[in-house]
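Quick note on numbering: the sequence shown equals residues -20 to -1, 1 to 475 in mature numbering (1 follows the signal peptide of the UniProt record, and there is no 0).
Everything on this sheet refers to the single structure shown next.
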Amino acid sequence: MLHRWIFVSIASLVTATTLGQEITSNSTKSTAASSLACGAIRHDLGSSIVESSGSEYNATTQGPWSLFNSVNQPTCIVYPRSASHVQAAMSSIFQFGSHYSVQAGAHSAMVGWNSINDGVLISFAHMTNTSYNQQSDTITVQPGVHWGDAMATVEPFGVSVIAGRASDIGTGLLLGGGISFVSPLYGWSADSIKEMDVVLVTGQLVTATATNKYSDLFRALKGGANRFGIVTRYELYPAHTGTKDQKNWFGGIIVYPGSSSVALNNASARYIREVTDPKAGLIVILNTMNLTAVDANTVYLFYKGANLPTNIFGSFLSIPSTSTSLSLLSYYDISNLIAGSSRGNGQQFGASSWIGDEGTFLKGYNHLINFTRAFETELLTSDMIISPIPLSQWTARSSRGVNAIGDPGVPYAAINFHLIYPAGVTTIPTDVDAGFKLLLSQASSSPGLPLYINECDASQNVFNTYPTFATLQKTYAKYDPSRFNVEHTAGPIGL
Ligand SMILES: Cc1cc2nc3c(=O)[nH]c(=O)nc-3n(C[C@H](O)[C@H](O)[C@H](O)COP(=O)(O)OP(=O)(O)OC[C@H]3O[C@@H](n4cnc5c(N)ncnc54)[C@H](O)[C@@H]3O)c2cc1C
């Protein structure tokens, strides 16, 4: 303790002296602050938990799904084994005013949201446990687990997490909301959270639930992304979906030629508007780079039952396809159909939200085609991904407390414009970025709909689209009055 006090005292003197006399540029300040924070954290936790070089450090820096995030070099990476390690790290980060970032499954498509230069990266690579408690009927996950591994651990008990639709994604999904194939039945993934242990910016650890004194924080975390604290434990209500041998779903994948695009847009708009059966699950991926390809478009479609009812999926089933792979499946099978684990390319997301209207879909899709044509030499590919958000997704688990996103009262589609850049491109080209922002304004949301924060562009003010924006701002001011998070870590704008 004495050593810690001496270290901190000397470091504080150094900070005061250097900040007062020598340091002029922001980047030098941030390097000094992160060096001091790393030194203090290393002093407290030891060099096996705090690394600034070596094979694990290199693997973590190169681990992000988007290449744009794997070129950063943190001053140090902290690998906590417990909440108390995160508390120690956050206390020093706060004390020295260091920039920082947090990484769980590393799938953020937003630049800097899960990696950092001249700052401290907290990686959850060593906190990856999942367990199921049969007595309480809850699943506890540590933040570093990927959904595929969590599913594999709990599947033998006949339960599952309300995971994303790609097995490699991590728990950061919960903090943005989380859209699962079973969300129409069980709600947003975030609505499955029973309680969270959260380290606030000051290093204080609290447990937030829907009913305790941190219920405002609990709500804000479910859609507030990385702005409200660092979650070190999630306790989740499971979905009782059965084991991997219980094939109680039917569905799979249909691949379509490029010529199907208009018909698929129309089928999607109609599905959004008309389908209310929560046993149906769907995602539509329209490729807008190679419009003449025989395998341009892919649709994943599922129904909890023995077949795909034609009154729900008839429009999709009647469009001529290239290949079809449909069968009886368990939910475990469904959750492993998409891995999403490829690496090596820069990625960019942009979000919109549309009501089920054919004209809106076609207009937005055509804007994406025009954008793609304008920048086709600079892009590897571009997709429009359509995720239905039916009314049941809000009501399925509303008794557990509402989330931060806020039910707009109408069914809609969360639209993800997804760009992939060629290998070797390590930053977003400014001309493409400007074109993309124009696209997002041209293909903007239908009035009154929230954007999905896990699929947004970094420039989009998603919080401002939540009906409860003012409450969210108040909650942020309450838990981070010095605005440390928004000033020291990249993440959603607007608070
Ligand atoms: C291939 C692919 C498929 C996808 N499919 C789906 C899908 O089906 N449904 C869906 O809803 N979304 C989907 N997404 C989007 C996904 O939800 C987001 O990318 C999500 O943020 C990823 O979480 P992560 O833990 O993998 O990533 P990370 O990049 O590690 O984390 C995402 C953000 O959350 C922050 N964060 C992570 N953990 C914590 C924590 N414990 N405390 C505080 N902040 C934290 C990070 O700092 C970062 O800003 C998909 C993304 C990809 C790339």
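C-beta atoms are modelled at their ideal positions from N, C-alpha and C, and glycine is treated no differently.
Query, Result
"For ILE335 versus TYR283, is the C-beta distance shorter than 8 Å?", "no"
"Can we say the segment 132 to 149 touches the segment 227 to 239, given the rule of at least three CB pairs closer than 8 Å?", "no"
"THR4 by DSSP, collapsed to three states: which one?", "Because THR4 carries a pLDDT of 42, less than 50, the predicted location of this residue cannot be relied on, and the following value inherits that uncertainty. It is coil, neither helix nor strand."
"Give me, in chain order, the residues of the same chain whose beta-carbon lies closer than 6 Å to that of SER240; leave out the 5 immediate sequence neighbours on both sides.", "ASN277 and ILE299"
"Bridge partners for TYR283 per DSSP, in chain order?", "PHE230 and ALA260"
"List, from N- to C-terminal side, the alpha helix (DSSP H) runs of 4 residues or more that fit wholly inside the segment 390 to 428.", "410 to 422"
"ILE265 bridges to which residues according to DSSP?", "THR278 and ILE365"
"Taking all protein chains shown into account, decide if LYS454 is buried (16 or more other Cβ within 10 angstroms of its Cβ) or exposed.", "exposed"
"Using CA atoms only, rank isn't needed, just tell me which of MET90, LEU25 and ASP98 is closest to SER64.", "LEU25"
"Using a Cβ-Cβ cut-off of 7 Å (strictly less than) and excluding sequence neighbours within five positions of GLU175, which residues of its own chain qualify?", "THR187, ALA188, THR189 and GLU215"
"In whole angstroms, give me the CA-to-CA distance for LYS9 and SER81.", "17 Å"
"Do SER248 and ligand 1 come close, with the Cβ less than 7 Å from some heavy atom?", "no"
"Whose C-alpha, out of VAL58, TRP45 and SER71, is nearest the C-alpha of HIS87?", "TRP45"
"Evaluate ALA403 with the Cβ neighbour count: other Cβ atoms within 10 Å of its Cβ, from every protein chain shown; 16 or more gives buried, anything less gives exposed.", "exposed"
"So, for ARG22: in the same chain, excluding its five sequence neighbours on each side, which residues have a beta-carbon less than 6 Å away from its beta-carbon?", "VAL30"
"On a CA-only basis, which of GLN327, LEU281, LEU297 and GLY330 is nearest LEU308? Give me that one, please.", "LEU281"
"Nearest to THR212 by alpha carbon, out of ARG463, LEU429, THR108 and PRO461?", "THR108"
"By the three-class DSSP mapping on this structure, what secondary structure does GLN373 have?", "helix"
"Output the distance between the C-alpha atoms of PHE449 and GLY474, rounded to the nearest integer angstrom.", "9 Å"
"For ALA89, collect the residues of the same chain with a Cβ closer than 7 Å to its Cβ; drop the 5 residues on either side in sequence, then sort them by chain order.", "SER46, GLN327, GLN328 and PHE329"
"Please report the Cβ distance between GLN373 and PRO164, rounded to the nearest whole angstrom; I am assuming they are in contact, meaning their Cβ atoms lie under 8 Å.", "6 Å"
"Per DSSP, which residues does PHE436 bridge with? Please list them.", "The identity of residue 436 in the sequence shown is Cys, whereas the question assumes Phe. DSSP, once it has assigned bridges, lists no residue as partnering CYS436."
"Counting only runs of 4+ residues fully inside the segment 291 to 359, write out the alpha helix (DSSP H) ranges in chain order.", "311 to 315 and 338 to 354"
"Applying the 10 Å Cβ sphere with the 16-neighbour rule, what's the burial state of ASN267?", "buried"
"Would you kindly check if the distance between the Cβ of PHE443 and the Cβ of VAL181 is under 8 Å?", "no"
"Take every Cβ of the segment 149 to 164, pair it with every Cβ of the segment 247 to 254, and state whether three or more of those distances are shorter than 8 Å.", "no"
"With three or more C-beta pairs closer than 8 Å as the rule, is the segment 377 to 393 touching the segment 313 to 322?", "no"
"Under 8 Å between the Cβ atoms of ILE263 and ILE119?", "no"
"Output needed for GLY415: all residues of its chain with C-beta closer than 7 Å, excluding positions within five of it in sequence on either side, in chain order.", "PHE351, ALA354 and PHE355"
"Using 10 angstroms around the beta-carbon of PRO258, count the other beta-carbons present and answer buried if the total reaches 16, otherwise exposed.", "buried"
"Can you tell me where the beta strand (DSSP E) with SER111 in it begins and where it stops?", "110 to 113"
"Determine, using beta carbons only, whether THR151 and GLY85 come nearer to each other than 8 Å.", "yes"
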